[in-house]
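Numbering (the numbering used here), first residue to last: 51 to 293.
Cβ atoms here follow ideal geometry from the backbone N, Cα and C, with glycine treated the same way.
Below: the structure, in structure tokens.
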């Protein structure tokens, strides 16, 4: 029997791939950040993202390009991709919210929900479960939430102040925006023409209780690739997982 929830699950997505990636230099001197390859995987970050989206039922993706857009477009034109990809290039800086709105205008089904991802993350979890979570809460926007590991060792103490344990790089006690989203069709109309939606649209939706947060399930992999150290750590972690 067909799952009735499947009708509300997105089949289209936007990938935000326009960042300069200045903290990843020299890797980003000749390519945009999503085109950087995690050592040992043989595929750029965006290639992993597109494969993941396809596995989760997405058939159409709009990639928003910026820095060294021609490098990304050339790779997309020649790669054997598991879904249909369209690229858009901002002719002038629009900010994160404006850029998202500009890309969303090219989605093939404006009357249907859609996913969005930042182009510099490597993750695997069920987008179908996230979409169901979004629908059940009648949200306009749902953010995936991650608990990144603290880059330092931590200590545990008892009520009297005695140290009882040392923990190497534990998960943060706070959840952060993981850079993966589910949006209802009306969300695109709430985005600014220019500027940052996280300072305008998201706070507005939060006040109306129409913004939801989906915790990435424990054991699922998530990492933002911001620095050369992130590349090294991701390579070790993915190798250990056999990916």
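Using DSSP bridges, identify the partner residues of residue i.
i, result
"residue 94", "87"
"residue 263", "193"
"residue 66", "114, 168"
"residue 274", "171"
"residue 137", "113"
What does the Cβ neighbour count give for residue i, buried or exposed, with the cut at 16 atoms within 10 Å?
i, result
"residue 170", "buried"
"residue 234", "buried"
"residue 279", "exposed"
"residue 134", "exposed"
"residue 251", "buried"
"residue 108", "buried"
"residue 57", "exposed"
"residue 249", "exposed"
"residue 146", "buried"
"residue 210", "exposed"
"residue 106", "buried"
"residue 92", "exposed"
"residue 98", "buried"
"residue 239", "exposed"
Could you tell me the alpha carbon to alpha carbon distance between residue i and residue j, rounded to whole angstroms?
i, j, result
"residue 206", "residue 223", "13 Å"
"residue 125", "residue 132", "14 Å"
"residue 285", "residue 214", "32 Å"
"residue 283", "residue 269", "17 Å"
"residue 64", "residue 216", "41 Å"
"residue 127", "residue 103", "18 Å"
"residue 139", "residue 154", "12 Å"
"residue 187", "residue 60", "16 Å"
"residue 149", "residue 167", "13 Å"
"residue 66", "residue 228", "13 Å"
"residue 68", "residue 175", "24 Å"
"residue 242", "residue 151", "7 Å"
"residue 75", "residue 89", "15 Å"
"residue 111", "residue 204", "41 Å"
"residue 288", "residue 281", "10 Å"
"residue 246", "residue 277", "23 Å"
"residue 254", "residue 184", "17 Å"
"residue 208", "residue 218", "18 Å"
"residue 100", "residue 158", "17 Å"
"residue 130", "residue 113", "16 Å"
"residue 260", "residue 198", "25 Å"
"residue 178", "residue 62", "13 Å"
"residue 117", "residue 212", "51 Å"
"residue 87", "residue 120", "17 Å"
"residue 142", "residue 160", "24 Å"
"residue 115", "residue 271", "25 Å"
"residue 55", "residue 258", "24 Å"
Since residue i and residue j should fall inside the 8 Å C-beta cutoff, what is the C-beta to C-beta distance between them, to a whole number of angstroms?
i, j, result
"residue 144", "residue 84", "No, residue 144 and residue 84 are not in contact; Cβ-Cβ is about 18 Å, not under 8 Å."
"residue 165", "residue 191", "Incorrect: roughly 11 Å between the Cβ atoms, too far for contact."
"residue 275", "residue 95", "6 Å"
"residue 296", "residue 189", "There is simply no residue 296 to check, as the chain begins at 51 and stops at 293 in what is shown."
"residue 172", "residue 81", "The Cβ separation is near 16 Å, so there is no contact."
"residue 256", "residue 225", "With a Cβ gap of about 14 Å, residue 256 and residue 225 do not count as contacting."
"residue 136", "residue 156", "6 Å"
"residue 264", "residue 194", "5 Å"
Going along the chain, which unbroken runs of the alpha helix (DSSP H) with 4 or more residues stay wholly within the region 188 to 246? You should have 237 to 240.
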